[in-house]
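Working notes for the structure below.
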Amino acid sequence: MINKSIIIIPTFNESENIELIINKIISIDDSNDVLVVDDNSPDGTSEIVKNQINIHDNRVFLIKRDKKSGLGSAYKAGFKWALENNYSYIFEMDADMSHDPYEIKNFKIQLTQNKYDVVVGSRYIDGVSVVNWPLSRIFLSYFANLYVRIITSMPIKDATSGFIGYTKNALSSIELSEIKFNGYAFQIEMKFKLWKKNFKLKEHQIIFVNRKLGKSKMNHKIIFEAIFGVIKLKINSFFK
Ligand SMILES: Nc1nc2c(ncn2[C@@H]2O[C@H](COP(=O)(O)OP(=O)(O)O)[C@@H](O)[C@H]2O)c(=O)[nH]1
Ligand SMILES: [Mg+2]
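End of the sequence shown = 242 in our numbering, gap-free, step of one.
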């Protein structure tokens, strides 16, 4: 049996982006399926996904939740579904075209040929590979990642990245109910727990391009969760 991959995309109001990203992903590689986890977006994102499900039989899937409940909880629902449906490689990426779907094949090479357990699409391996973000947002993200590295000593330069590939083995080792954070801190927590379990993490350079369509869902609550969450993660790890 061919090793199947699933690309999980959380969405909230991504009606302008979702069709394009789905089409790119499934046209690049026919072992890639797509799972969208939509939080009842008022702009009708899920209707567009349903239409894509009709066009691309058995390659596109949708989990529709009642209300906006955060990125982390969307991913947890997606991960559970992916593991139950026996995918060998599980990827996460944003809907807004900030992450280039062509990179997925490079991520796969790292997981299959180079035997890494987790691949992290990284903006900060060599300087800053971010296009069209306001300087304020680059500073926030860059220093947030520096802060994470200092507090946790995890050797990852882009811990808040949301463009990730996991092997089934690595992902299934995580007790999803024990993942507590929901915003950027969710991304940090996943990497931190996998690193602590001695899985092999590989950072792979990507170019992150700011969205052209739709709006960012980043807010202060998400930033505060990350700032205090990192300290909490570190302290909790002493008791494990
Ligand atoms: N299902 C779901 N998706 C979300 C939620 N918040 C953000 N997203 C999605 O997560 C991805 C990243 O969010 P985005 O606003 O682009 O964050 P930014 O790139 O850091 O500004 C996008 O695909 C969003 O639609 C949420 O509460 N629920
Ligand atoms: Mg974005």
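Ideal placement from N, C-alpha and C gives every residue a C-beta, glycine not left out.
Item: GLY167 - partner residues in DSSP beta bridges; Value: PHE93 and VAL121
Item: Own chain partners of LEU173 with C-beta closer than 7 angstroms, once the 5 adjacent residues on each side are dropped; Value: PHE81, LEU85 and ILE92
Item: Contacts around TYR168, its chain only, beta-carbon distance under 6 angstroms, and the 5 residues preceding and following it disregarded; Value: ILE92 and VAL120
Item: THR154 burial status per 10 Å Cβ neighbour count (16 or more: buried); Value: buried
Item: Residues near LYS66 by beta carbon distance below 6 angstroms, same chain, minus five either side; Value: ASP40 and SER48
Item: Residue(s) in a DSSP beta bridge with ILE11; Value: VAL38
Item: Secondary structure of GLN115, DSSP reduced to three states; Value: coil
Item: Segment contact flag, the segment 187-198 with the segment 105-118, C-beta cutoff 8 angstroms, min 3 pairs; Value: no
Item: LEU203, buried or exposed, once every other Cβ within 10 Å from all chains shown has been counted against 16; Value: buried
Item: Counterpart residues of GLN207 in DSSP-defined beta bridges; Value: SER124
Item: Own chain residues within Cβ distance below 7 angstroms of LEU73, not counting five before or after; Value: PRO12, ASN184, GLY185 and PHE188
Item: CA nearest to the CA of GLU105, picked from LEU137, LYS26 and ASP160; Value: LYS26
Item: Short CB-CB distance (under 7 angstroms) between LYS69 and chain C; Value: In the structure shown, chain C does not exist; there is a single protein chain.
Item: ASP35 versus GLU16: straight-line alpha-carbon distance, rounded; Value: 19 angstroms
Item: Those residues which DSSP pairs with LYS214 across a bridge; Value: Its beta-bridge partners do not exist; DSSP assigns none.
Item: heavy atom of ligand 1 below 6 angstroms from PRO12 C-beta; Value: yes
Item: Minimum C-alpha distance to PHE63 - residue among LYS198, ALA79 and LYS70; Value: ALA79
Item: Buried versus exposed call for LYS22 [16 or more other C-beta atoms within 10 Å across all chains shown]; Value: Reading off the sequence, residue 22 comes out as Leu, not Lys. So LEU22 counts as exposed.
Item: Beta-ladder partner(s) of VAL62, from DSSP; Value: VAL36
Item: Helix, strand or coil at VAL130 according to DSSP, with G and I counted as helix; Value: coil
Item: Limits of the unbroken alpha helix (DSSP H) element including LYS52; Value: 47-57
Item: Start and end residues, alpha helix (DSSP H) containing TYR77; Value: 73-86
Item: Three or more C-beta pairs below 8 angstroms linking the segment 117-135 and the segment 207-218; Value: yes
Item: Cβ-based neighbour list, ASN212, same chain, cut-off 7 angstroms, excluding 5 preceding and 5 following; Value: SER100, VAL133, ASN134 and TRP135
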